[in-house]
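**Student:** Once you've had a glance at the structure underneath, I'll fire off some questions.
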Amino acid sequence: PQGERAVLRTDGVTKRFGGLTAVDDVDVEVQNGEIVGLIGPNGAGKSTLFNCITGTLNADEGRVYLQGQDVTDWPEYKIARAGLGRMFQETRIFGDMTVRKNLLLAAQEGGASVGNLLRRPDDSLLARTEELLDYVDLGGLADTRAGRLSFGQQKLIEFAMELMAEPDLLLMDEPAGGINPAMLENLIQYIRTANEDEEATIFLIEHNMDFVMEIADRIYVLAHGERIAEGTPEEIQNDQRVLDAYLGR
Ligand code: ADP
Ligand code: MG
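Position one of the sequence shown corresponds to residue 12 (UniProt numbering), numbered consecutively onward.
Below, the structure written as structure tokens:
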């Protein structure tokens, strides 16, 4: 309905693996400024849908629109450059580099010299690095080798790295995975603040229900590749189809 204001819109996306329809005619839409959750039982097709959005996989049918532009079948790097960020379950940090250098690298545009970027980063980029590190409360670790950080801290660094690139939309695949409960509260806070201050628009897969119910404005539910529900966290928690899907009925 809101059509062109959507940062992301998929129209009938379908992906098959042999005889299995992993994603079946799925429509989703993310509006600018939203935090939208994507949930569903294991094997529901959540990661596959993300892969079709990012260009990691080509959908067999359907279209993907980013800021109203049809990016279906675009190569992954081009979709990323068009404003789509993605945070993976495994962190992809350079462990031998300092935290600051990891952030600087994350801001690198295609074509820029990596050597120059690290030796002579411009002031605005450095300022942005400090700002984002403070923001995830890791300012004191800027000169530490990233490999020395805890898993939870590395996730926060990765989150800051994604924000360096100022994506129009950030996809996160199970950001809460493997994070301890104390760190989880922080992560919720940082994602919220990023959403409010940085105007980061976020679409996230999460199996931790408390996390997703607390953070999402709106949630889509997949089961067996199909979109079975959409609504506010409250609506989703009270949706019989969703309860049935999780109970395997
Ligand atoms: P989710 O992320 O919701 O747990 P996935 O999108 O990873 O689910 O997987 C959906 C279905 O597609 C599963 O049955 C999975 O086994 C299958 N699948 C995912 N990727 C591949 C692939 N590359 N080749 C074959 N089958 C796949
Ligand atoms: Mg998955």
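Built from N, CA and C at the ideal position, the CB exists for glycine as well.
Computed from a predicted structure; not experimentally measured.
At a cut of 8 Å, does the region 230-247 reach the region 29-45 through at least three beta carbon pairs?
**Tutor:** yes
**Student:** CB of ALA117 to nearest heavy atom of the ligand ADP: below 8 Å?
**Tutor:** No, the beta carbon of ALA117 sits no closer than 8 Å to any heavy atom of the ligand ADP.
**Student:** What ranges does the alpha helix (DSSP H) occupy inside the region 116-160, keeping only unbroken runs of at least 4 residues that lie completely in it?
**Tutor:** The qualifying runs are 125-130 and 134-146.
**Student:** Where does ASN249 land, buried or exposed, given buried means 16+ other C-beta within 10 angstroms?
**Tutor:** exposed
**Student:** Take the Cβ of THR212 as the centre, count every other Cβ of all protein chains shown within 10 Å, and call the residue buried at 16 or more, exposed below.
**Tutor:** The residue is buried, with at least 16 neighbouring Cβ atoms inside 10 Å.
**Student:** Which word fits SER161, buried or exposed, when buried means at least 16 other C-beta atoms lie within 10 angstroms of its C-beta?
**Tutor:** SER161 sits exposed, since fewer than 16 C-beta atoms from the chains shown fall within 10 Å of its C-beta.
**Student:** Helix, strand or coil, according to DSSP, for LEU31 in the structure here?
**Tutor:** strand
**Student:** Have a look at the DSSP bridge pairing and note the partners of GLN80.
**Tutor:** LEU77
**Student:** Quick one: measure Cβ to Cβ for GLY48 and LEU215, integer angstroms, because I've assumed they're closer than 8 Å.
**Tutor:** 6 Å
**Student:** Quick check: the region 87-105 against the region 34-45, are at least 3 beta-carbon pairs closer than 8 Å?
**Tutor:** no
**Student:** Pull up the CB-CB distance for GLN165 and THR102, whole angstroms please, since I reckon it's below 8 Å.
**Tutor:** The pair is a contact, with the Cβ atoms about 5 Å apart (cut-off 8 Å).
**Student:** For LEU98, which beta-bridge partners are listed by DSSP?
**Tutor:** Looking at the sequence provided, one finds Met at residue 98 rather than Leu. Paired residues: MET183.
**Student:** What are the boundary residues of the beta strand (DSSP E) that includes ILE46?
**Tutor:** 46-50
**Student:** Checking the sheet assignment: what are the DSSP bridge partners for LYS26?
**Tutor:** VAL34
**Student:** Please determine if the region 172-180 and the region 188-195 are in contact, where contact requires at least 3 C-beta pairs separated by less than 8 Å.
**Tutor:** Contact fails: fewer than three Cβ-Cβ distances are below 8 Å.
**Student:** Taking the beta strand (DSSP E) that GLU237 falls in, what are its first and last residues?
**Tutor:** 237-242
**Student:** Return the chain-ordered list of same chain residues with a C-beta closer than 7 Å to the C-beta of ILE247, the five sequence neighbours on each side being excluded.
**Tutor:** ILE230, VAL232, ALA240 and VAL253
**Student:** Run through the DSSP bridge pairs and tell me what GLU40 is partnered with.
**Tutor:** ARG20.
**Student:** Which of helix, strand or coil does DSSP assign to residue 10?
**Tutor:** Any answer about residue 10 is impossible in this case: the structure gives the chain only from 12 up to 260.
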